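Student: One structure follows; several queries about it will come next.
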Amino acid sequence: MLVTDGAPYTYDTIFDEYNWPHLQIRLFTYLIGREVTEVRSLSWMACANKGYFVHVTTPSEVREQVLKYIPVVARPMVMYQNKHPIIWTGVYADIAVSISG
12 MLVTDGAPYT YDTIFDEYNW PHLQIRLFTY LIGREVTEVR SLSWMACANK GYFVHVTTPS
72 EVREQVLKYI PVVARPMVMY QNKHPIIWTG VYADIAVSIS G
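Counting in my numbering, the sequence shown runs from 12 upward without gaps.
Structure follows, in structure tokens:
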């Protein structure tokens with residue numbers, strides 16, 4: 012989560028190096044304040060990193076706006092990749108053993 016009153020740049024070189032090879036991290040950006048000018052860069056950062064952008068103008072709407080991230084977090088990240096990774100897991104056997112003595 013990035014909570015800020017503005018971001019003058021998109022910082023795409025940082026995302027290119029650390030997040031875009033595999034898109035393993037979502038970025039949620041929260042712009043705080045009424046008079047803001049850098050809406051476009053924060054919105055771009057969130058969308059380019061499979062996150063969510065919110066502009067919070069008053070303290071009373073903080074809770075409502077912050078809770079909007081839950082449906083986005085619930086989306087499976089594997090759906091955003093071109094190649095879906097294959098993950099092998101061990102067998103789970105639910106067996107009840109009765110020992111009589």
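Using N, Cα and C, we set each Cβ at its ideal position, and we do this for glycine too.
Fair warning: this is a prediction, and the values are worked out from it, not measured in the lab.
How far does the beta strand (DSSP E) with Ile43 in it extend, from its first residue to its last?
Tutor: Taking the first residue of the sequence shown as position 1, residue 43 is located at position 32. That run of the beta strand (DSSP E) goes 39-43.
Student: Using 10 angstroms around the beta-carbon of Leu78, count the other beta-carbons present and answer buried if the total reaches 16, otherwise exposed.
Tutor: For this step, residue 78 is matched to residue 67 along the sequence shown. Under this definition Leu78 is an exposed residue.
Student: Can you check DSSP and say which residues form a bridge with Thr15?
Tutor: In the sequence shown, the residue the question calls residue 15 occupies position 4. Beta-bridge pairing links Thr15 to Leu42.
Student: For the stretch 66-85 against the stretch 23-36, do three or more pairs of beta-carbon atoms, one drawn from each stretch, fall closer than 8 Å, so that the two count as touching?
Tutor: Result no; under three Cβ-Cβ pairs closer than 8 Å.
Student: How is the beta strand (DSSP E) around Tyr63 delimited, first residue to last?
Tutor: The residue you call residue 63 lines up with position 52 of the sequence shown. Residues 63-67.
Student: Measuring straight from C-alpha to C-alpha, what distance separates Thr68 and Glu46?
Tutor: Here residue 68 refers to the residue found at position 57 of the sequence shown. Here residue 46 refers to the residue found at position 35 of the sequence shown. Cα to Cα, Thr68 sits roughly 9 Å from Glu46.
Student: Determine the closest residue to Thr21 out of Leu53, Gln35, Thr15, with distance taken between C-alpha atoms.
Tutor: Along the sequence shown, read from residue 1 onward, the residue named residue 21 stands at position 10. The shortest C-alpha separation from Thr21 is found at Leu53.
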